[in-house]
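As numbered in our numbering, residues 1 to 372 make up the sequence shown, in order.
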Amino acid sequence: MRKSDHYKDMGEVFFASMRVEKTGFLEKIDKLLSTSGLAKIFGENELVGLKLHFGEKGNTSYIRPLFVKRIARFIEGKGRKPFLFDTTALYSGARSNAVDHIRTAIENGFNIGYPIIIGDGLLGNAKENVEINKKQFKQASIAQLVFSCGAVVSIAHFKCHLLTGFAGAIKNISMGCAAKEGKLKMHSTVSPYIDKKGCISCGLCVSYCPVEAISMGTVAAIDQKKCIGCGMCIAVCKEDAIKINWDIELTVFQERLAEYCYAVAHLKKGKMFYINFLMNVTPSCDCFPKSDTPIVSDIGVLAAHDPVAIDQASCDLVNNSIGIEESKLKKAFAKGEDKFKDLFPKVDWEYGLDYAERIGLGSRRYTLKEIV
Ligand code: SF4
Ligand code: SF4
């Protein structure tokens, strides 16, 4: 694929490890941002949106606000106006509208001196469409804020995800910049069903379903007409009694995520930058109201202009780490063993990266440049 001028740095991934010798880790973050060329995406006096996940209420593994503040300060120091943003969640938890979401962000420690804005409005319907003409979608329904702001910096907490194997820059931008309508469209093929033999009728899934699609008889039952495919019930069932038709639905979901990320990158051409924090690499995403033991020790922070390269590099760094035996990992503890496959044997996590590369979102090939 020919690289345009906008993406001439594609494939270069800058890396600051957790090891510190002469300088502290916060200074290493500054150096990472200077060296990786973040400032190249800014216009004069621009409003710069820092897209992150503030963490669901009860979750404790989201990115530390101190690190986000450091990035915001760096951008402010370049004469720009940074603010923090996310969009309303599909789940019925503490982020489903802008008021609850901002309160949750503050409770989770993000009152760090920069404005917090919910990009798709009070109820998630402030949106505009981006034409993409791809396999899954002709257009994408994106949060209105993304159209108005000057540049977008993705600050992603890299972790595992039961539908995609991992979640990093691509997921942070695709699901995270979509308006509610876009989120629904991406999730619509994920239609779970109950394994009646496994269900112990605890009712947990009923209380978590955002659209009351689950009823309780002798065992739980899902009304497929009401289900929006958010996946929350699968995540909360401790008996593993809620199943997905993996082969058919998940590759479609991965394609949809890649296409939505492509839509945002296309809209903000040359005005996007990606930062992945490889800390607290938990088995589940930050939408869960709790956090499990990380699967590997903290690795560091990556920065790049290319969302595919940074996610590929993040996966490789995690897989090349030693697994934590007390975590949810079953056996892939050795360096080089596939941790995502170990956790989610039926998910082909590489498929999403492969598809993202095929539609021109970025490159799976990268050069890792370590900051010391
Ligand atoms: S959470 Fe699982 S075990 Fe509990 S009712 Fe739902 S399907 Fe059954
Ligand atoms: S049934 Fe499960 S996947 Fe469907 S909407 Fe409810 S929680 Fe989400």
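The beta carbon of each residue, even a glycine, is placed where N, CA and C say it ideally should be.
Closer than 7 Å: residue 204 CB and nearest ligand 1 heavy atom: Stepping through the sequence shown from its first residue, residue 204 is reached at position 204. Yes - ligand 1 has a heavy atom lying nearer than 7 Å to the Cβ of residue 204.
Of the listed residues 75, 308, 324, nearest to residue 356 (C-alpha basis): Your numbering for residue 356 matches position 356 in the sequence shown. Per the Cα distances, 308.
Residue 239 Cβ short of 7 Å to ligand 1 heavy atom set: As a first step, residue 239 must be located in the sequence shown, where it is residue number 239. Residue 239 Cβ: within cutoff of ligand 1.
Simplified DSSP assignment, three categories, for residue 179: Counting from 1 along the sequence shown, the entry for residue 179 is found at position 179. Three-state result, residue 179: coil.
Own chain partners of residue 317 with C-beta closer than 7 Å, once the 5 adjacent residues on each side are dropped: If you number the sequence shown from 1, residue 317 lands on position 317. Correct list, in chain order: 278, 299.
Segment limits, beta strand (DSSP E) that includes residue 367: The residue given as residue 367 occupies position 367 in the sequence shown. From DSSP, the beta strand (DSSP E) with residue 367 extends over 367 to 371.
DSSP three-state assignment for residue 231, whether helix, strand or coil: As a working note, residue 231 is residue 231 in the sequence shown. Note: residue 231 maps to coil in three-state DSSP.
Alpha helix (DSSP H) segments (min. 4 residues) lying fully within the region 141 to 192: 144 to 148, 169 to 177, 180 to 187
Nearest-angstrom Cα separation, counted from residue 221 out to residue 44: As a working mapping, residue 44 is identified with position 44 in the sequence shown. As a working mapping, residue 221 is identified with position 221 in the sequence shown. For residue 44 and residue 221, the distance between alpha carbons rounds to 55 Å.
Coil, strand or helix - residue 4 by DSSP: Your numbering for residue 4 matches position 4 in the sequence shown. Reliability of the predicted coordinates at residue 4 is poor, the pLDDT of 39 falling under 50, and the value obtained from them is presented with this limitation in mind. Coil.
Pair within 8 Å by beta-carbon distance, residue 41 and residue 243: The residue given as residue 41 occupies position 41 in the sequence shown. The residue given as residue 243 occupies position 243 in the sequence shown. Contact flag unset, no.
Close-in-space but distant-in-sequence residues of the same chain around residue 351 (CB under 7 Å, 5 per side omitted): Taking the first residue of the sequence shown as 1, we reach residue 351 at position 351. Correct list, in chain order: 251, 254.
Cβ neighbour criterion (16 or more within 10 Å) applied to residue 362: The residue you call residue 362 lines up with position 362 of the sequence shown. Buried is the call here.
Heavy atom of ligand 3 within 7 Å of residue 16 beta-carbon: Ligand 3 is absent from the structure shown, which contains only ligand 1 and ligand 2.
One or two residues paired with residue 272 in a DSSP bridge: By one-based count along the sequence shown, residue 272 stands at place 272. BP columns for residue 272 point to 152.
Exposure of residue 116, with buried meaning 16 or more beta-carbon neighbours within 10 Å: Start at 1 with the first residue of the sequence shown, and residue 116 comes out as number 116. Residue 116 should be labelled buried.
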